[in-house]
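Colleague: Take this structure first; my questions come after.
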Amino acid sequence: MVVVSRENHLARHWWVLALRGVLAFLFGVIALLDPTAFWWAVVIMFAASALVDGSMSIAAAILGHVAPGRRWALVFRGILGIASAAIAVVWPGITELALYLLIAGWCVVTGVFEIAAAVQ
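Sequence positions in the sequence shown follow my numbering and run 19 to 138.
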């Protein structure tokens with residue numbers, strides 16, 4: 019049995035980290051240069067992420083990387099991810115609004131909890 023360390027795994031898949039870095043860099047440049055394109059970029063990145071995540075979930079279920087009784091959950095998650103990606107591409111306006119509300123709500127809730135923690 020071969021034990022693969024985390025460092026060895028990351029070293030073999032360096033290109034994934036590099037790709038994430040390039041995508042993050044491009045996302046930041048788009049946001050700075052054209053704020054109106056910012057939300058479009060957010061929607062596209064969300065759609066790509068949801069599509070990849072959904073596809074990987076279905077692949078993991080098909081390839082048997084999980085206990086047989088839990089495969090349905092991965093398939094369901096995969097279908098939801100792919101459907102979310104499709105909705106984001108077909109209806110970007112509602113995706114922008116949903117992401118905006120999610121981010122704003124998260125900021126408000128986090129702020130309230132941090133203030134409450136500081137007061138205590």
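Note that beta-carbon positions come from the ideal geometry of N, C-alpha and C, so glycine has one too.
#1: Within 10 Å of its beta-carbon, does THR113 have 16 or more other beta-carbons around it, so buried, or fewer, so exposed?
#2: Let me confirm a value: LEU44 is counted as buried when at least 16 other C-beta atoms fall within 10 Å, else exposed. Which label applies?
#3: For GLN138 and VAL47, what's the separation of their Cα atoms in angstroms?
#4: Could you tell me the distance, in whole angstroms, from the CA atom of ALA79 to the CA atom of ALA65?
#5: Could you give the residue range of the alpha helix (DSSP H) that holds GLY82?
#6: Please say whether ARG38 and GLY72 have beta carbons closer to each other than 9 Å?
#7: Please report how far the alpha carbon of TRP131 lies from the alpha carbon of PRO86, in whole angstroms.
Modeller: Considering the structure as presented:
#1: buried
#2: exposed
#3: 40 Å
#4: 21 Å
#5: Per DSSP, GLY82 belongs to no alpha helix (DSSP H) and is neither H nor E.
#6: no
#7: Sequence check: residue 131 is Phe here, not Trp. Computed Cα separation, rounded: 40 Å.
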